[in-house]
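Trainee:
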Amino acid sequence: MSARDDVLIVGGGVIGLASGIALLQAGRSVRVLEAGTAGCGSSHGNCGTITPSHAAPLTAPGTVAKALRWMLMPDAPFRVSPRVDPALWRWMLGFAGHCNRTDWLRAMHARSTILEASRDTFPAWLETLGIDCEFEASGVDYVYRDRADFDGFEDEATQLRALGVAVERIDGPDYLRQEPALREGVVGAIRFPGDARLRPDRYVAGLAQAFRALGGQLVEHCEVHSIEETGDGVRAATSAGAFAGRDLLLATGAWSPLLAKSLRLRVPVQPGKGYSITYSRPAIAPRRPMVLHERSVCVTVWDSGFRLGSTMEFSGYDRSLNRVRLDALERSAREYLIEPVGPVREEEWYGWRPVSVDDVPILGRAPGHRHLWLATGHGMLGVSMSVATGHLMSDLICGRAPRFDPAPYAPARFA
Ligand SMILES: Cc1cc2nc3c(=O)[nH]c(=O)nc-3n(C[C@H](O)[C@H](O)[C@H](O)COP(=O)(O)OP(=O)(O)OC[C@H]3O[C@@H](n4cnc5c(N)ncnc54)[C@H](O)[C@@H]3O)c2cc1C
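When we follow this note's numbering, the leftmost residue of the sequence shown carries the number 19, and every step to the right adds one.
(1) If you draw a straight line from the C-alpha of D138 to the C-alpha of G66, how long is it?
(2) Measure the Cβ-Cβ separation of A135 and S412 and say whether it is below 7 angstroms.
(3) Could you give the C-beta distance for S333 and R101, rounded to a whole number, given that I count them as a contact under 8 angstroms?
(4) Comparing the CB of E238 with every heavy atom of ligand 1, is any distance shorter than 6 angstroms?
(5) Residue range of the beta strand (DSSP E) that I208 falls in?
(6) Can we count R217 as close to ligand 1, meaning its CB is less than 6 angstroms from some heavy atom?
(7) Counting only beta-carbon atoms, is G206 nearer than 7 angstroms to chain B?
(8) From what residue to what residue does the alpha helix (DSSP H) around C453 run?
(9) So is the beta-carbon of W15 under 6 angstroms away from any non-hydrogen atom of ligand 1?
(10) Just checking my contact of R217 with W320 at CB under 8 angstroms: how many whole Å lie between their CB atoms?
(11) Which residue from L347, A36, R49 and G57 puts its Cα closest to that of W370?
(12) Span of the beta strand (DSSP E) holding V48?
(13) Are I245 and S274 close, meaning C-beta to C-beta below 7 angstroms?
(14) Can you tell me the Cβ-Cβ gap for G395 and V287, rounded? I've got them flagged as a contact below 8 angstroms.
(15) Which stretch, first to last residue, makes up the beta strand (DSSP E) that contains C316?
(16) Any idea if S64 is buried or exposed, counting beta-carbon neighbours within 10 angstroms, 16 or more meaning buried?
(17) Let me know if S156 comes out buried or exposed under the rule of 16 or more other beta-carbons within 10 Å of its beta-carbon.
(18) Nearest by alpha-carbon distance to G112: which of E312, W88 and D376 is it?
(19) Just mark E331 as buried or exposed, buried being the case when its beta carbon has 16 or more other beta carbons within 10 Å.
(20) State the start and end residues of the unbroken beta strand (DSSP E) segment that holds I380.
(21) If you follow the beta strand (DSSP E) that T256 is in, where does it begin and where does it stop?
(22) Got a sec? Which residues, its chain only, sit under 6 angstroms from G212 by beta carbon, not counting five neighbours each side?
(23) With a threshold of 16 other CB atoms inside 10 Å of the CB of I295, please say whether the residue is buried or exposed.
(24) For ligand 3, any of its heavy atoms closer than 6 angstroms to the Cβ of G54?
(25) According to DSSP, which residues form a beta bridge with A269?
(26) Comparing C-alpha positions only, which one of H389, L381, G323 and A346 sits nearest to E365?
(27) Where do the ends of the alpha helix (DSSP H) carrying S294 lie?
(28) Check this for me: beta carbons of S328 and P75, under 7 angstroms apart or not?
(29) If you compare alpha carbons, which of T318, S298 and A278 is closest to A269?
(30) Considering only heavy atoms of ligand 1, does any lie closer than 6 angstroms to the CB of G112?
(31) Report the rounded CA-to-CA distance for A393 versus R195, giving the unit in angstroms.
(32) Using alpha carbons as the reference points, say which of H389, R282 and V98 lies closest to K84.
(33) Can you have a look at Y335 and say buried or exposed, based on whether 16 or more other CB atoms are within 10 angstroms of its CB?
(34) Nearest to A430 by alpha carbon, out of I302, L390 and M403?
(35) Contact check, H409 vs V222 under 8 angstroms by CB: the rounded distance?
(36) Any heavy atom of ligand 1 closer than 6 angstroms to the Cβ of S402?
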């Protein structure tokens with residue numbers, strides 16, 4: 019066994035690495051244990067938008083009816099696969115229970131706090147760590163072709179404005195003048211000027227490099243099989259031997275419930291599978307990231323490329339790359355964009371978002387455990403929330419006053 023670290027972190031995605039960096043900055047010794055390579059999970063091929071605008075959770079009043087309608091459509095943007103999986107169905111029931119206005123507003127508030135804290139600190143965080151990942155304070159636009167859908171956003175816009183999110187409404191003709199990449203037929207757009215974007219694979223590679231440069235130990239190809247709390251710390255049994263730490267942070271994204279089982283701990287997270295296709299940059303590319311609203315497809319443009327990403331599919335830990343879902347991305351883009359794809363198709367990808375049962379991240383001490391901490395359940399927003407999550411976990415593990423109230427994220431809310 020190696021010498022004991024102050025903190026062992028399981029999972030080398032954006033959440034594990036950001037937390038590791040914040041802990042190193044607070045003077046702790048940290049080791050990250052990663053089953054694959056750093057950033058190989060959901061942190062790799064996501065859309066890279068940083069979106070305080072996405073404060074509203076999936077657990078909205080109407081989501082259940084929509085999900086039932088979409089159940090039989092293989093290319094719907096939100097889909098539950100009809101399959102025998104008791105854990106999935108228990109989670110779905112819990113999720114459905116949160117789909118009411120009171121919980122929606124409560125979750126929106128909690129998500130907004132951590133999103134804003136992250137967005138505010140992103141530029142300084144990247145600069146201090148020397149990470150070049152094509153970050154740009156670009157804003158993000160929601161683009162509409164359906165009038166009722168466009169007008170229907172007003173309730174959410176009012177709630178977002180009350181939380182301090184800047185929301186601008188732009189009429190179709192104005193928007194088409196501003197954004198020549200779009201086809202005719204756009205009835206309007208909602209702009210969130212406070213949002214931003216980055217290239218996620220470069221971000222997570224930069225986090226790994228910064229973590230090592232600060233003295234952190236990153237052990238790749240090291241799968242943690244089980245975790246055991248000892249009197250004064252934690253031991254992890256792994257494919258690369260045993261490791262010990264005074265504290266252990268579980269940051270294994272969508273895999274978190276699997277590993278938590280060895281501790282008899284229930285972590286109500288399901289993999290919400292999404293897909294992306296990355297291309298070289300088309301000649302007529304949108305000026306800023308956009309969500310093609312009726313199709314729930316996100317379009318991100320960087321100097322280095324162009325990505326279409328979408329879908330939220332609850333199909334357990336399914337590793338297949340579904341052609342119907344990938345084709346749906348391009349089909350949707352064709353409805354809105356003059357050049358819907360780039361000249362070279364560089365990567366087709368799926369990732370498992372860690373979606374918690376109330377769509378609020380699960381951050382804090384694991385109930386009934388002194389040395390075990392959880393940072394998971396970031397759903398569609400792990401990149402956006404990464405910086406504030408890192409700082410919060412470091413504050414909590416180091417016993418310092420947290421920068422914002424950690425209560426809404428506490429794992430104890432499910433105990
Ligand atoms: C299509 C798509 C688009 C998205 N777009 C955005 C976006 O625009 N903006 C945004 O903010 N978020 C976005 N997301 C969500 C974001 O990708 C996730 O919330 C985030 O990556 C979660 O980070 P994580 O570190 O918790 O998980 P992951 O990146 O999945 O990392 C978990 C790590 O744990 C490791 N691991 C698992 N089990 C073990 C074990 N037993 N032992 C050791 N290691 C283990 C895995 O190998 C993995 O590397 C998107 C996701 C998808 C799928």
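Cβ coordinates follow ideal geometry from the N, Cα and C atoms, glycine included. For clarity, every value in this text was computed on a predicted model and none was experimentally measured.
Mentor: With the structure as the only source:
(1) D138 and G66 have their C-alpha atoms spaced approximately 16 angstroms apart.
(2) Contact flag unset, no.
(3) About 7 angstroms separates the CB atoms of S333 and R101; that is less than 8 angstroms, so the two are in contact.
(4) No, since every heavy atom of ligand 1 falls outside the 6 angstroms radius drawn around the Cβ of E238.
(5) Element bounds for I208: G206 to F210.
(6) No, since every heavy atom of ligand 1 falls outside the 6 angstroms radius drawn around the Cβ of R217.
(7) Any reference to chain B falls outside this structure, which holds one protein chain only.
(8) Because residue 453 is not part of the residues shown, which for the chain are 19 to 433, the question remains open.
(9) Residue 15 is absent from the structure shown; the chain starts at 19 and stops at 433.
(10) Contact flag correct, Cβ pair sits at about 5 angstroms.
(11) Measuring from the Cα of W370, the nearest candidate turns out to be G57.
(12) Segment V48 to L51, the beta strand (DSSP E) holding V48.
(13) Result no, Cβ atoms of I245 and S274 do not sit closer than 7 angstroms.
(14) Contact flag correct, Cβ pair sits at about 5 angstroms.
(15) For C316, the uninterrupted beta strand (DSSP E) run begins and ends at V315 to W320, by DSSP.
(16) Strictly speaking, residue 64 in this sequence is Asn, with Ser absent from that position. Classification of N64: buried, given that the 10 Å Cβ count is 16 or more.
(17) S156 should be labelled buried.
(18) Of the candidates E312, W88 and D376, the one whose C-alpha sits nearest the C-alpha of G112 is D376.
(19) It counts as buried.
(20) Looking at the DSSP string, the run of the beta strand (DSSP E) that includes I380 is I380 to R383.
(21) According to the DSSP assignment, T256 belongs to the beta strand (DSSP E) that extends over G251 to T256.
(22) The answer, listed in chain order, is P70 and A184.
(23) I295 is buried by the Cβ-count criterion.
(24) In the structure on display, ligand 3 does not appear, and the ligands it does have are ligand 1.
(25) None, per the DSSP bridge assignment.
(26) Measuring from the Cα of E365, the nearest candidate turns out to be G323.
(27) Where S294 is concerned, there is no enclosing alpha helix (DSSP H), although the beta strand (DSSP E) it sits in stretches over V287 to Y297.
(28) No, the Cβ-Cβ distance between S328 and P75 is not below 7 angstroms.
(29) A269 has its Cα closest to that of A278, out of T318, S298 and A278.
(30) Every heavy atom of ligand 1 is 6 angstroms or more from the Cβ of G112, so no.
(31) Taking the straight line from one Cα to the other gives about 43 angstroms.
(32) The shortest C-alpha separation from K84 is found at V98.
(33) By the neighbour-count criterion, in which 16 or more other beta carbons inside 10 Å mark a residue as buried, Y335 falls on the exposed side.
(34) Closest by alpha carbon: L390.
(35) Incorrect: roughly 18 angstroms between the Cβ atoms, too far for contact.
(36) Within the cutoff, so yes.
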